[in-house]
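There are 2 protein chains.
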Amino acid sequence: MSRFLREREGDLAPTDVAVLVRLAGQQCTRSRDLARAEGLDPSTMSRRLASLAERGLVDRHPDPADRRAQVLGLTQAGREALTQERARRVDLVTDTLADWPEAEKEQLADLLGRLADSLESARGTPTSGQSP
Amino acid sequence: MSRFLREREGDLAPTDVAVLVRLAGQQCTRSRDLARAEGLDPSTMSRRLASLAERGLVDRHPDPADRRAQVLGLTQAGREALTQERARRVDLVTDTLADWPEAEKEQLADLLGRLADSLESARGTPTSGQSP
DNA sequence: TCAGATAGTTGCATGATGCATGCATCATAC
DNA sequence: GTATGATGCATGCATCATGCAACTATCTGA
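Those protein sequence lines, which keep their order, are chains A and B. So the mapping is simple: the working numbering equals the position in the first sequence, first residue as 1, plus 590. So the mapping is simple: the working numbering equals the position in the second sequence, first residue as 1, plus 590.
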């Protein structure tokens, strides 16, 4: 899977896409939260955001409520880039699974969705039965 | 998924694990083939192999049939490291999907297996309907 | 024998990342 | 009100994986 994806990387790095997705979903508007959500160091997220802002995909302005922080949001270009990236991925899946029966594609989508949920709820549980 | 995995990385980098798996399966014994199989540049593979050899997980000796090439293989330590990594992953899955019904786990395994096959056979097809 | 292909390595640059640190701001205790 | 610690973000620095280009040694075929 990794080599498949490595060969088909788009214009946006995976991390950047993840950031755009979260910003589009309004799930977090703090750099800190984004970093936590993606399992990255805050410094890394700071740099990703700087890069995205420089490319005009994200816009940041000071948060009046907390002047240490900043309000993050997608620009119009950011929304378009995300739409385009999503279309690219849909094409990828469409091409690759073209000859799968419809029923199995739905099953796969359903199970992957639930897998994502399970992984999400397993976050914070480092490896195995830790945490006394 | 990526953040889940990023947080649970083992001692071996993902690429290194992939290399060990292929060597264990005897699928390729040439650095060049490994590189192609993993979608990496030969130079990168060369460096990964050097690192693995230095750590005593892989052993390389000149190929008598082709003195440019080298015969690659796992050392005993390499086999053990791979076994340990596999156990770690099994634990990860076991923990994460602990409360899934058995039937769904089997379905997921089956579909993921077939997904891997589809991705594998889609290799070399760059992005979408290219190749005139 | 010689030209071109191939296997592998190394030099160099790039880009993502983490850690330590610094700065500004907030929250709280006194 | 002021001092102390916590928090949000940025920057300096080092590390690591990676790709490209160039190189050496060897093989292959005319």
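Using N, Cα and C, we set each Cβ at its ideal position, and we do this for glycine too. Values in this document were obtained by computation on a predicted structure and should not be read as measured data.
Close to Arg596 of chain B, with beta-carbon spacing below 7 Å, are these residues of chain A in chain order: Gly629. Going by beta carbons, Ser633 of chain A and Leu662 of chain A fall outside the 8 Å limit. Close partners of Thr619 of chain A in chain B (Cβ separation under 7 Å) are lacking, with about 18 Å as the shortest Cβ gap. Setting aside the 5 residues that flank it on each side, Arg678 of chain A is surrounded in the same chain by Gly600, each with a C-beta closer than 7 Å to its C-beta; the list follows chain order. Leu672 of chain B and Leu610 of chain B do touch by the CB rule: their CB atoms are close to 5 Å apart, below 8 Å. Nearest Cα to Arg645 of chain B within the set B:Gln666, B:Thr684, B:Ala614: B:Gln666. For Arg713 of chain A, the residues of chain B that pass the 9 Å Cβ criterion are Arg593, Phe594, Glu597, in the order they occur in the chain.
In terms of Cα proximity to Asp623 of chain B, the closest of B:Lys695, B:Ala659, B:Leu701 is B:Ala659. By the criterion of a C-beta distance shorter than 6 Å, Arg650 of chain B is surrounded in its chain by Ala643, Gln660, Leu662, once the five residues flanking it on both sides are discounted. Residues of the stretch 644–676 of chain B that bring their beta carbon within less than 9 Å of a beta carbon in chain A are absent altogether. For Gly663 of chain B, there is no enclosing alpha helix (DSSP H); the residue is found in the beta strand (DSSP E) stretching over 660–664. Interface criterion not met: the Cβ of Pro691 of chain B is under 8 Å from no Cβ in chain A. Residues of chain B with a Cβ closer than 9 Å to the Cβ of Glu694 of chain A are, in chain order, Leu701, Arg704.
Per DSSP, the unbroken alpha helix (DSSP H) holding Arg637 of chain A starts and ends at 632–644.
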